[in-house]
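Colleague: Going down the list, the sequences are from chains A, B and C.
For the first sequence, the positions run 1 to 287 when this note's numbering is used.
For the second sequence, the positions run 288 to 1093 when this note's numbering is used.
For the third sequence, the positions run 1094 to 1259 when this note's numbering is used.
Note that CB positions come from ideal geometry on N, CA and C, so glycine has one too.
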Amino acid sequence: MIPGSFSYHRPASVADAVKLLSDLGDDARPLAGGHSLVPMMKLRLATPAHLVDLHGIATLKGIRRDGSNLVIGAMTTQHELLASDDIAQSMPILHEAALLIADPQVRYRGTIGGNVANGDPGNDMPALMMTAGATYRLEGAGGARDVAAADFYQGAYFTALEPGEILTAVSIPVPAAGHGYAYEKLKRKVGDYATAAAAVVLTMSGGKVATCSIGLTNVHETPLLATDAAKAVIGTSLDAATLKKAAAAAEAIMAPAADARGPVEYRKHVGGIMVTRALQRAAAKAK
Amino acid sequence: MNDLTPTREQRSAALEGMGCKRKRVEDIRFTQGKGNYVDDVKLPGMLHGDFVRSPHPHARVKKIDDSEALKVPGVLAVITAETLKTVNLAWMPTLAGDVQMVLADGKVLFQNQEVAFVVATDRYAADDGINKVIVEYEPLPPLVDPFKSMDADAPVLREDLVGKTTGAHGPRKHHNHIFEWTVGDKELTDAAFKKAEVTIKEMISYHRTHPSPLETCQCVCSFDKIKGELTIYGTFQAPHVIRTVVSLIAKLPEQKIHVIAPDIGGGFGNKVGAYPGYICAAVASIVTGKPVKWVEDRIENLTATSFARDYHMTTEIAATKDGKVTGLRVHVLADHGAFDACADPSKWPAGFFNIVTGSYDFPTAHLAVDGVYTNKAPGGVAYRCSFRVTEAAYCIERAMDILAQKLNMDPAELRLKNFIKPEQFPYHSALGWEYDSGDYHTAMRKMMETTGYAALRKEQAEKRAAFKRGETREIMGLGVSFFTEIVGAGPSKNCDILGIAMFDSCEIRMHPTGAGIARMGTKSQGQGHETTWAQIIATEIGIPADNIMVEEGNTDTAPYGLGTYGSRSTPVAGAAIAMAARKIKAKAQMIAAYKLEVHEDDLEFDIDGFRVKGLPEKFMSMKDICWAAYNSVPPGMEPGLEAVSYYDPPNMTYPFGAYLCVMDIDVDTGVYKVRRFYALDDCGTRINPMIIEGQVHGGLTEAFAIAMGQEIRYDEVGNVVTGSFMDFFMPTAVETPHWETDFTVTPSPHHPIGAKGVGESPNVGGVPAFSNAVNDAFSFLGATHIQMPHDYWRNWKAAKDLGAVA
Amino acid sequence: MAKTHVTMKVNGAEVEGLVEPRTLLVHFIRENLQMTGTHIGCETTHCGACTVDIDGMSVKSCTMFAVQAQGSDITTIEGMANADGTLSALQEGFRMMHGLQCGFCTPGMIMRAHRLLKENPSPSEQEIRMGISGNICRCTGYQNIVKAIQYAAAKINGVEFKEAAE
Ligand SMILES: Cc1cc2nc3c(=O)[nH]c(=O)nc-3n(C[C@H](O)[C@H](O)[C@H](O)COP(=O)(O)OP(=O)(O)OC[C@H]3O[C@@H](n4cnc5c(N)ncnc54)[C@H](O)[C@@H]3O)c2cc1C
Ligand code: FES
Ligand code: FES
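1) Closer than 8 Å, CB to CB, is A/M1 near chain B or not?
2) Please list, in chain order, the chain C residues whose beta carbon lies closer than 8 Å to that of A/Y193.
3) Give a yes or no on whether the minimum CB-CB distance between B/A1020 and chain C is below 8 Å.
4) Just the Cα atoms here: how many angstroms apart are C/L1118 and C/V1103?
5) Can you grab the Cα-Cα spacing for the pair B/P1036 / B/M1017, in whole Å?
6) Counting only runs of 3+ residues fully inside the stretch 127-177 of chain A, write out the beta strand (DSSP E) ranges in chain order.
7) By the 10 Å Cβ neighbour count, where 16 or more other Cβ atoms means buried, how is B/L517 classified, buried or exposed?
8) Could you please tell me which residues of the stretch 262-273 of chain A, in chain order, have their CB closer than 9 Å to any CB of chain B?
9) Kindly say whether B/A300, judged by its beta-carbon, lies nearer than 8 Å to any beta-carbon of chain C.
10) By how many angstroms is the C-alpha of B/D1063 removed from the C-alpha of B/E684?
11) So who's on the other strand from A/S213, going by DSSP bridges?
12) Any contact of the stretch 503-513 of chain B with the stretch 822-830 of chain B, i.e. 3+ C-beta pairs under 8 Å?
13) Leaving out five residues before and five after B/M288 in sequence, what residues of the same chain have Cβ atoms less than 7 Å from its Cβ?
14) At the 8 Å Cβ level, is B/Q524 part of the contact set with chain C, yes or no?
15) Taking the beta carbon of B/L291 as the centre, do at least 16 other beta carbons fall within 10 Å, making it buried, or is it exposed?
16) Beta-carbon of A/Y157 versus every beta-carbon of chain C: anything under 8 Å?
17) I need the boundaries of the beta strand (DSSP E) containing A/P30, first residue and last residue.
18) Are there any heavy atoms of ligand 3 lying less than 7 Å away from the beta-carbon of C/F1197, as far as the coordinates show?
19) Which residues in chain C have a C-beta closer than 9 Å to the C-beta of B/E583? List them in chain order.
20) Have a look at B/E904, B/A1060, B/T1031 and flag the residue whose alpha-carbon is nearest the alpha-carbon of B/K960.
21) Going by DSSP, which residues form a beta bridge with B/E838?
22) For B/A686 versus B/T602, is the C-beta distance shorter than 8 Å?
23) Using C-beta distances below 8 Å, list every residue in its chain close to A/L81, excluding the 5 sequence neighbours before and after it, in chain order.
24) Can you list, in chain order, the stretches of the beta strand (DSSP E) that have 3 or more residues and sit fully within the stretch 542-619 of chain B?
25) Spatial neighbours of A/V264 within its chain, please: CB distance less than 7 Å, with the 5 preceding and 5 following residues excluded, ordered by chain position.
26) Return the chain-ordered list of same chain residues with a C-beta closer than 7 Å to the C-beta of A/F6, the five sequence neighbours on each side being excluded.
27) According to DSSP, is C/K1096 part of a helix, a strand, or is it coil?
28) What does the shell around ligand 2 hold, if a residue joins when its beta-carbon is under 6 Å from any heavy atom?
29) Around the C-beta of B/N323, are 16 or more other C-beta atoms found within 10 angstroms, so that it is buried, or is it exposed?
30) Between C/T1233 and ligand 3, is the CB less than 7 Å from at least one heavy atom?
31) Quick check: does the Cβ of B/D584 come within less than 7 Å of any heavy atom belonging to ligand 1?
32) In this structure, does DSSP put B/M950 in helix, strand or coil?
33) Please check the pair B/A776 and B/M939, which I expect to be a contact at CB under 8 Å, by giving their CB distance rounded to whole angstroms.
34) Considering only the alpha carbon of each residue, which of B/L1089, B/F991, B/D893, B/L849 lies closest to B/D935?
35) Check the Cβ-Cβ distances between A/K245 and every residue of chain B, and say whether any is below 8 Å.
36) What do you get for C/N1175, buried or exposed, if any count of 16 or more other CB atoms within 10 angstroms of its CB means buried?
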């Protein structure tokens, strides 16, 4: 299990990185934490001729506030997300989900940018970003643009990233104080991707759901926003019948693959249960 | 002055002998990263080999084009079956009397089969090379389901066997049939079933899995052309057997083969067999004149070397209405994959599966095993068990639960009612074994009392009622398992490997200063032999364990032994150590008698030396005797103090144990939680309780993994879909339950120190405990038998099939 | 492929070497530096046997290129003993609590536990289990590894180690 040969580049700025990528063309790939890319290279499922390592770009790191948005540099690791007090307080679902990704060693290296740019339906951050209404900043030879997470994913490993572009930051609107949240992930063991997972962010008012958004991980070739399921719970007190309706609405848009985690029917069924449980737990947390 | 004289307790403690929780000698180097494993061996000029493997489960190999590979910088040679034919090594014999392709010869028979071996200056170049070898295949229909192996229209897998109606173990019924093995009295058993008041019948499968130690299989072969000598460093559980096998198949004189097994990173049965990698590395070294290293990667390990289990056991019990068993009938369909490469003693095509009557007094039994070929990897190793004993224990323990359910009896009560009684030992089983000793009732009752079994059953009844009322979605299961193992292969009268009797050996040399070295035919892979073997010697001859160095794994210096697997080290080699030590002690006694000027019979051994009976102040320590052995032995006696023992055990040993698993399952997701796991083991005399406990923890963890998801799975067209530690369930510290351990001690009457062996018991007993817990949880919903592995989705499916989830 | 010159600090000493860009850090450590205590168990980032400490992080060295470690400060198992050569608290804990059998996972476990205790000097059992969940052990069943880490934590904190009741 040895990667194929490549040449290694370590630019010091986004501009340099973008230039390298556009000069080197299709054979070049950005390298972030490497914890999705390197395993693929060892199996020779990925054989880039050039790797552009983003670790030398200081501006890609860090968590900061921009008005009511939390802006996280692409090269911020899962470990750094977990260490951030700001995230723990203002965006606790991010903390909760990061802790469910892989294991401590992977979290020291794996980055949020790599996680959301990878396009693997098994990654946990994309559905969360969609749920939270995040946008991604993409920079390429032609300049910078912002793309909503909800518009970013086009198919397994297919995203809105154009060749030569890199994702430099994610920007997440900070949810309202007192919001309820939960990330429910069913997996077989530490280090496994989700059999199915659901992210819920909601607000309650007078015992009823006021706003709600629901995201789904690894039950389709892309992460999903379960808009119908979210609509179904608004204005309700999450009674049993509503929860059932929401789960059914979510299951209706799922199309997971059968794999060692279970057959399609099972993965959809537990996907529905993750939605139910996330809704219940989120509501219980809301103030 | 007197105060400083050590007490007997202090003298005894200073030895750190048997029964002491002695800290391990090995750990000093392992905790500092100073172990010496095979991949740490680096020889001057060493090359690396790597395999081109088949993407197809069944195909004809039309053409192998190595021209592009040979252009890769660093690639020196590409070895194929054609190359191997020039040295008559395209095929190799297996331990089970079959032959196996070393490299694809005309055909491939399983996915990831070895097709070509690329030799290069380093592992990077070798990997580049394998990606450039172009192989042209013509796919053939794959045979995946063993139940279809003997269909009339099943594809012919083994063209080399066409027309051969007899195999190594008798007649073959079909072109994909390997052997049929029967034991027991068929007529008597059939009659028992005819008369039976109650019978049960169930097809109980034990799925294919894999031992996958953390270190994969690897070797370095170095051929010295001038001397004509071949040195092999390898991950070998049985180095001497490897030397003999290599000598026989490579036609090299055995004295010119040096096999060295350095530190081994776990074995669990994976490192008993001989694999194509070893042969190819040896041939490559002979061809290139350079040392060649072969290191298997994890995918290769999981998919090509040595699976375990894959037994499909149709099991019937006959019994009376009040729960006395009267007969057992088992038919096994054994999926051996493409070649029969089982690592069993030669005369035992299904290992010791005839221990399947378990801990129960069956008046009669009959067993038939059919081995068949499929397009899957070869193997059939004993994954942390004595040969096929895990399969047997699972079969009978599951079947006893099914019978209990049918009789509406508590499974523990049913077992107590049918146990072999203490006064029946030595007990002759209906399928031919002589059980050495046991006290099953005591062990079972201790388990029931310690765990509060009755209260747990009560809690279960309440939870079931609550589930039926719709108050909870969680169900609770109690998994009882009471296993009897058969280990310590084995007596030369019935156990051999390729004709070599399965004795084991020890050589002890005492040095003048009261220190010594013990060399062994066994090979530790983590069992701590360097620590425990010295403890046996310490107690036997009264020299502190710290003064005894234990050396294993070098065939030039160690006496011939059959190696470490099947929990055989303590029962066989442990006995050899005691016997060798006793020879030392006997000579020491003569020397002491001479020095103390008394008759030998007037001496008694007292912890760490000999004392004149009735004259306590006349004492000679073993340390002083060692010195005397080198300067003042009695006239006529040879100087020195050494002994060798080759121990041929009179019988196997029969460890046993009572386990209980308490499990809760969420029917909506199938997610389970092991609330509690209690394991009582009786392994006879306990040499080092700390190490025993560690072995039990490790074995239970493997049992947990196997029962709850660890599976080598093939899809319908023969692709292996579980090739990594993500899909092949490998639990971390988070999933692994907490273990409670306990013991009783029933020494083996025929073993010099009464020890029975423990390394594998927890795997043997653990799997049925987990599986019975799952089955017990679902039984009130109408389940009789749910197949392993019990991973989340299958639990959910069981609940769904039983109508418990919509 | 052209080779690149790399320098880094390993166990306190400056080291250098020529590597291909694709050379994995674990191979650089094992083959170039000939420090073979760092092991390879899976190559697929699951087992943690290759764990080393890099700039205060536990890293699976099979999933990082040696060129990426340019200029970094690395500790491997060979750098874990006390300055006087005696076993450090963690190494001693593993031995005293029988936290190892074949020893193949042990270097990675100790390196991971080292960083865990730096970040959380008194972890609970659950925190230890989570903390070592990137490391697979095939032999011990983890229970004694947990105890070994508790033993080391107690020793480092200067408190008496009490084995948890069974
Ligand atoms: C054992 C194991 C278990 C895992 N389990 C989980 C899990 O449960 N959940 C989960 O979410 N993830 C899991 N992962 C994946 C892990 O989180 C990865 O770190 C993550 O998917 C990718 O992040 P990275 O920084 O490592 O990116 P890399 O591997 O470096 O890159 C991934 C891909 O994204 C591209 N890329 C990276 N950064 C950028 C950028 N800034 N702009 C444009 N393209 C970019 C790369 O070119 C590459 O194609 C697991 C990984 C392992 C090894
Ligand atoms: S070898 Fe690196 S994680 Fe297993
Ligand atoms: S001690 Fe063998 S893998 Fe952990």
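Modeller: Well, looking at it:
1) yes
2) Those within 8 Å of A/Y193 in chain C number zero; the least Cβ separation is about 12 Å.
3) yes
4) Using only the alpha carbons, I get a separation of about 12 Å.
5) 39 Å
6) Those beta strand (DSSP E) runs which fall completely within the stretch 127-177 of chain A and span 3+ residues are 135-140, 143-148, 153-155, 166-173.
7) buried
8) From the stretch 262-273 of chain A, only G262, P263, E265, Y266, R267, H269, V270, I273 have a Cβ closer than 9 Å to chain B.
9) no
10) Straight across, the Cα-Cα distance linking B/E684 with B/D1063 is about 12 Å.
11) A/V201
12) no
13) Here B/M288 scores only 44 on pLDDT, less than 50, and its place in the model should not be relied on; the value that follows carries that caveat. Excluding residues up to 5 positions away in sequence, nothing lies with its Cβ nearer than 7 Å to the Cβ of B/M288 in the same chain.
14) It does not; no Cβ of chain C falls within 8 Å.
15) Burial call: exposed.
16) no
17) 28-31
18) yes
19) Residues of chain C whose Cβ lies closer than 9 Å to the Cβ of B/E583 do not exist; the shortest such Cβ separation is about 10 Å.
20) Among B/E904, B/A1060, B/T1031, the Cα nearest to that of B/K960 belongs to B/A1060.
21) B/R806
22) Going by beta carbons, B/A686 and B/T602 fall inside the 8 Å limit.
23) I63, I72, I87, L94, H95, A98, I112.
24) 544-547, 579-582, 594-606
25) Taken in chain order, the residues that qualify are P256, A258.
26) P48, A49, H50, L51
27) coil
28) Those residues are C/I1133, C/G1134, C/C1135, C/E1136, C/T1138, C/H1139, C/C1140, C/G1141, C/A1142, C/C1143, C/K1153, C/C1155, given in chain order.
29) exposed
30) Flag set: Cβ of C/T1233 near ligand 3.
31) no
32) Strand, per DSSP.
33) Yes, they are in contact, since the Cβ atoms of B/A776 and B/M939 sit about 7 Å apart, within 8 Å.
34) B/L849
35) Taking Cβ atoms only, chain B never reaches closer than 8 Å to A/K245, which makes this a no.
36) exposed
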